[in-house]
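Peer 1: Throughout, our numbering is defined as the position within the sequence shown, counted from one, plus 1277.
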Amino acid sequence: MTKTTEPEWVFRADCPTRPILDQIADKWSMMTMAVLAEPKRFNEIKRRLEGVTQRVLTQTLRRLERNGMIERRVLPTSPVGVEYSLTPLGESLREPFSHLYTWAVEHADDIVARQRAYDARSATARPPGDG
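1. Any idea what DSSP makes of Leu1352, helix, strand or coil?
2. Three-state secondary structure (DSSP) at Leu1298?
3. Quick check on DSSP: helix, strand or coil for Leu1363?
4. What does the alpha-carbon distance come out to for the pair Leu1377 and Arg1340?
5. Ordered along the chain, which non-local residues of its own chain (more than five positions away) have a Cβ less than 6 Å from that of Arg1391?
6. Please state if the CB of Val1351 and the CB of Arg1318 are separated by a distance shorter than 9 Å.
Shown next as structure tokens:
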């Protein structure tokens, strides 16, 4: 078995991967990218992502565009429309994300059961103020 060693800077506060991982790990970012298997307009994306607010979706799309994961294209329609699609960089994240998504689906019931068991134990076992 080979041991993988990360560069020393990987765990530092100024590591350049931190904001990238923060973006990628965000639930709305990942779900938005999943919805963009095909180009879509803002309202199409919003309808697919139950629970996302217009403000949060706007912020998510801007961050994804800034990071090069998606592109925004103004459509020559009246009124003017905007369409979002994955870039090649965004497409390259689909496979790793699909593995994570599959893992989450396969283990969701077990995780929910463990959360309930933990919550039941914690509600009776922890003294007030014990973080």
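No residue lacks a Cβ here, since even glycine has one placed at the ideal position from N, Cα and C.
Peer 2: In this structure, then:
1. Reading the sequence shown from its first residue, position 75 is the one you call residue 1352. DSSP places Leu1352 in strand when its eight states are reduced to three.
2. Here residue 1298 refers to the residue found at position 21 when the sequence shown is read from its first residue. Of the three classes helix, strand and coil, the one that applies to Leu1298 here is helix, per DSSP.
3. Within the sequence shown, residue 1363 is the residue found at index 86, counting from 1. DSSP places Leu1363 in strand when its eight states are reduced to three.
4. Locating residue 1377 in the sequence shown gives position 100, counting from the first residue. Locating residue 1340 in the sequence shown gives position 63, counting from the first residue. Each residue's Cα considered, the two are about 21 Å apart.
5. By one-based count along the sequence shown, residue 1391 stands at place 114. Contacts found: none.
6. Along the sequence shown, read from residue 1 onward, the residue named residue 1318 stands at position 41. Along the sequence shown, read from residue 1 onward, the residue named residue 1351 stands at position 74. No, Cβ-Cβ distance for Arg1318 and Val1351 is not below 9 Å.
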